[in-house]
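Participant:
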Amino acid sequence: MKYHKSNFSQSITRRDALKVMGGAALSLLFGYDHSKKLIAQTKKPNVIFVLTDDHRWDAMSCMGHPFLKTPNLDRIANEGILFENAFVTTSLCSPSRASFLSGQYAHTHGVIHNYTPWNESNTTFLELIKKAGYDTAFIGKWHMPGEGLPKLRGLDHFITFTMLSGQGVYYDCPLFIDGVETERKGKYITEDLTDFALKFIEKKRNNPFCLYLSHKAAHYGFRPPKHLNHLYDDVDLKLPKESDIWIPFTNANYITGQILPMNFMYRNYCETLVSVDEQLGRIIKKLEEMNELDNTVIIYSADNGYFWGEHGNIDKRLAYEESIRIPFIIRYPGLIKDPGRRAKQMALNIDLAPTLLDILNVPIPANMQGMSLKPIILSDKSKGRESWLYEYCSELTSNVPGITAVRTENYKYIEYQNNAWPSELFDLTKDPGERNNIIKTGRGKVLLKELKKEMERIKIETEFKPLENM
Amino acid sequence: MEKQSFSRRILFPIALVMGTMIISINAYDLSRSIENQTLHQSIAHISAVLMFLSIWLGALFANTIAFFRGASFGERLIVCLATPIVWCTKSILYFRGFRTVGEMIFLIFFPVFIGTLAVAVLCMGLSEIWCRIIYRRRSEYADLKIFELSNTLALIIGIGLTTLFLWHGGLFYAYNIYMAAYEYIFQ
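Chains as they are written, first to last, in the working numbering: chain L, 1 to 470; chain H, 1 to 187.
#1: Going along the chain, which residues of its own chain have a beta-carbon closer than 6 Å to the beta-carbon of Leu231(L), five neighbours each way excluded?
#2: So, Phe113(H) versus Met104(H), is the Cβ gap smaller than 8 Å?
#3: Report the CB separation of Ala518(L) from Phe328(L) in whole angstroms; it is logged as a contact under 8 Å.
#4: Counting only runs that start and end within the region 204-280 of chain L, where is the beta strand (DSSP E) found for 3 or more residues in a row?
#5: If the cut is a Cβ gap below 9 Å, which residues of chain L does Ser91(H) touch?
#6: 8 Å is my cut-off, CB to CB: does Pro401(L) come that close to chain H?
#7: Using DSSP's beta-bridge definition, name the partner residues of Ala86(L).
#8: From which residue to which residue does the beta strand (DSSP E) around Phe61(H) run?
#9: CB Ala347(L) to CB Ala405(L), shorter than 8 Å?
#10: Judging by CA-CA distance, which residue of Thr136(L), Ser214(L), Val50(L) is the nearest neighbour of Gly166(L)?
#11: Give the DSSP-derived three-state secondary structure of Asp172(L) in the structure shown.
#12: Step through the CB atoms of chain L and report whether any lies within less than 8 Å of the CB of Met104(H).
#13: What is the rounded straight-line gap between the Cα of Ile39(L) and the Cα of Asp338(L)?
#14: Buried or exposed: which applies to Arg457(L), given that a residue is buried once 16 or more other Cβ atoms fall within 10 Å of its Cβ?
#15: In chain order, which continuous runs of the beta strand (DSSP E) of length 3 or greater are located wholly inside the region 278-338 of chain L?
#16: Please list the partners that Tyr175(H) has in chain L, where partner means a Cβ-to-Cβ separation under 7 Å.
#17: Just confirm the distance between the C-beta atoms of Lys141(L) and Thr160(L), as a whole number of angstroms; I'd bet it's less than 8 Å.
#18: Verify the CB distance criterion: does Tyr320(L) have a CB-CB separation below 8 Å to chain H?
#19: Excluding the five sequence neighbours on either side, which residues of its own chain have a C-beta within less than 6 Å of the C-beta of Phe464(L), listed in chain order?
#20: Excluding the five sequence neighbours on either side, which residues of its own chain have a C-beta within less than 7 Å of the C-beta of Lys36(L), listed in chain order?
#21: With a cut-off of 8 Å on the beta carbons, I'd call Ile139(L) and Leu211(L) a contact; round off their distance for me.
#22: How many angstroms separate the CA atom of Asp294(L) from the CA atom of Gly312(L)?
#23: Pick from Arg97(L), Met63(L), Tyr105(L): whose alpha carbon is nearest that of Leu467(L)?
#24: Can you pull the chain L neighbours of Met179(H), defined as C-beta to C-beta under 9 Å?
#25: Provide the residue(s) that pair with Leu156(H) in DSSP beta bridges, ordered along the chain.
#26: Using a Cβ cut-off of 8 Å (strictly closer), state whether Gly148(L) contacts chain H.
#27: Run through the DSSP bridge pairs and tell me what Ala137(L) is partnered with.
#28: Among Thr136(L), Ala132(L), Asp135(L), Gly148(L), whose alpha-carbon lies nearest the alpha-carbon of Glu120(L)?
#29: Going by beta carbon distance, what residues of the same chain come within less than 7 Å of Ile350(L), once the five residues before and after it are set aside?
#30: Since Ala59(H) contacts Ala120(H) with CB under 8 Å, what's their CB separation in whole angstroms?
#31: Just to confirm before moving on: does the CB-CB distance between Leu280(L) and Leu73(L) stay below 8 Å?
#32: Here's the rule: buried if 16 or more other CB atoms are within 10 angstroms of the residue's CB, otherwise exposed. What is Lys204(L)?
#33: Check the Cβ of Glu183(H) against every Cβ in chain L and list those closer than 7 Å, keeping chain order.
#34: Using a Cβ-Cβ cutoff of 9 Å, what residues of the region 307-341 of chain L are near chain H? List them in chain order.
#35: Since Cys393(L) and Gly402(L) should fall inside the 8 Å C-beta cutoff, what is the C-beta to C-beta distance between them, to a whole number of angstroms?
#36: Label Trp246(L) either buried or exposed according to how many other C-beta atoms from any shown protein chain fall within 10 Å of its C-beta, with 16 as the threshold for buried.
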């Protein structure tokens, strides 16, 4: 195969020889095309993980968004599996990103908010995949503070930005390209990062590759590329019922620094997301041209959700659904036999690392706290998790106290730091919008005992430490 | 100018602006629970505008009333700053229970809070000008100066700080400086 190690390029091992003989036998038995597919299943797939920022789970046309058009996301959902109940264990950029990388809760990997640096003793899935013989690249938003750039093990290429505490900017964002700071005048960040991603993908190589493409979009400061600017000017935005244009200015929402009218920001957010979809389309097209699309595990997700006025909020952090639910789509025909499935099982950001390792048959380290979603990918009947822990550590840019919560399939119990706000309990089946706190009702009191017990169980299991004490 | 009673020259203008603020904040918060969208949006818009007028521009009205009721410059300054100070205090107290005392003190310097005070001083300075022009025309005090040291200083400080916050996205720069300082002090 053009992009992978040729079977004859190096000294042939017994396993390689058996593969070739097996391939020849399959060709004789099933014909060339069919045998090519079977052989493809035995070789290592490439991996592309696309992580966006603040992209909430329902901001895609395949999730029924009223006007946003995301044909490429729809395509990978239709050709793969879309996890409809995907969540982050901490709804904040840096902790969530560290969880994706390490497969661990924030209280384990130690990145508790946007001002705590990455602990270089943490192991990332990139490091393990590199050891399994992959070419690796991290391109885009790293966004974990520290002295300069982190020394990440197992990375062949590391392209990122440090401007504005690692947030970067949408236009002319200077990049660190393998450690060298480079001006990027005239470049739009989503397109620029995708250009680098395409260069990495199309590079001739002997090994399979693993690309971590981490977009700035669609973080606050929302700016679409010029050709998409004003795309949705004439559209009825259909903001949530509770929303109004003034919310960013009220109820201490201004502390997050997002002080612009809600409708203006939402319009730009949607236009910025269209750009993400367009750039995903370029990657898919490139893989098709290389005949590598079906041999590539594509995973799309986001670091957290986003409020657009629900509960009187903008931004994220809180444990309500709008903040914690994310898109989570996996496309890999090599494993998925029922493309287009909508998985109901609960998936988490901490599941990414173990899932990828499992798909690639790389041993999953015992200290990863997520679970592999591979069994669910293989079969819809596979049981998902029953509950999980949400945690959040407050910092000064936040108008929200620290949070510990437990979410089951049907209920959510939320505790706030120092009881600064009253605890909450929601029946998600009857009250999906979480408007009716039932904690003081008779039923709520019974549920509370069970949910507190479940929370304690997960805390013990994951060696929980309150984030504000770390 | 006749110096009216304490309650008429000081308490009334404060109560007028602060009362508008309190009612509009509560009306705004309640509006979200209204199912009828037209009513919800109407109340949200009206109360938000009143909230903005009372917190940010309330000094225009409060100072005018206080001026014509004979309040001294110091009293007028209190009248102008009372509502923004109460709003800032209320906003900072929102964080009690999950911020340290040090962090809450640091919040005083949050650009939005400084901004409300700066705009209040600017509004006071502007109000002083028209109050003095009107008063000079209406009364026998033709020699009343439009620009005295105190009100001119208020105007200059108000214009200076407001321009700093508004010019070329100054508020966002201030926000970034504030956050950098926070990170340096508290992390």
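We treat Cβ as the ideally placed atom computed from N, Cα and C, and that holds for glycine.
Facilitator: Let's see:
#1: Glu271, listed in sequence order.
#2: no
#3: The structure shown has nothing for residue 518(L), since chain L only spans 1 to 470.
#4: 209-214
#5: Ala252, Tyr254, Ile255
#6: yes
#7: BP columns for Ala86(L) point to Ala347(L).
#8: Premise fails: Phe61(H) lies in the alpha helix (DSSP H), 58-68, not in any beta strand (DSSP E).
#9: no
#10: Ser214(L)
#11: coil
#12: Chain L, which has no Cβ nearer than 8 Å to the Cβ of Met104(H), makes this no.
#13: Caution is warranted here: a pLDDT of 49 is assigned to Ile39(L), below 50, making its placement in the model unreliable, and no coordinate value can be reported.
#14: exposed
#15: 296-302, 328-331
#16: Gly257
#17: Thr160(L) and Lys141(L) do touch by the CB rule: their CB atoms are close to 7 Å apart, below 8 Å.
#18: no
#19: Here the set comprises His107.
#20: Low local confidence applies: a pLDDT of 48 at Lys36(L) is under 50, so the model's placement there is unreliable, and no value is given.
#21: Approximately 7 Å separates the beta-carbon atoms of Ile139(L) and Leu211(L); this is inside 8 Å, confirming the contact.
#22: 43 Å
#23: Selected option, being the one with the closest Cα: Tyr105(L).
#24: Residues of chain L passing the Cβ test: Ser165, Gly257, Leu396, Thr397.
#25: It should be pointed out that residue 156(H) corresponds to Ile in this sequence rather than to Leu. Per DSSP, Ile156(H) has no beta bridge partner at all.
#26: no
#27: In the DSSP output, where bridge partners are listed per residue, Ala137(L) has His157(L), Leu211(L).
#28: Gly148(L)
#29: Thr89, Ser99, Gly103, Gln104, Tyr105, Gln369, Gly370
#30: 4 Å
#31: yes
#32: By the neighbour-count definition (other C-beta atoms within 10 Å, threshold 16), Lys204(L) is an exposed residue.
#33: Tyr115
#34: Gly309, His311, Gly312
#35: Rounded, the Cβ-Cβ distance is 5 Å, consistent with contact.
#36: buried
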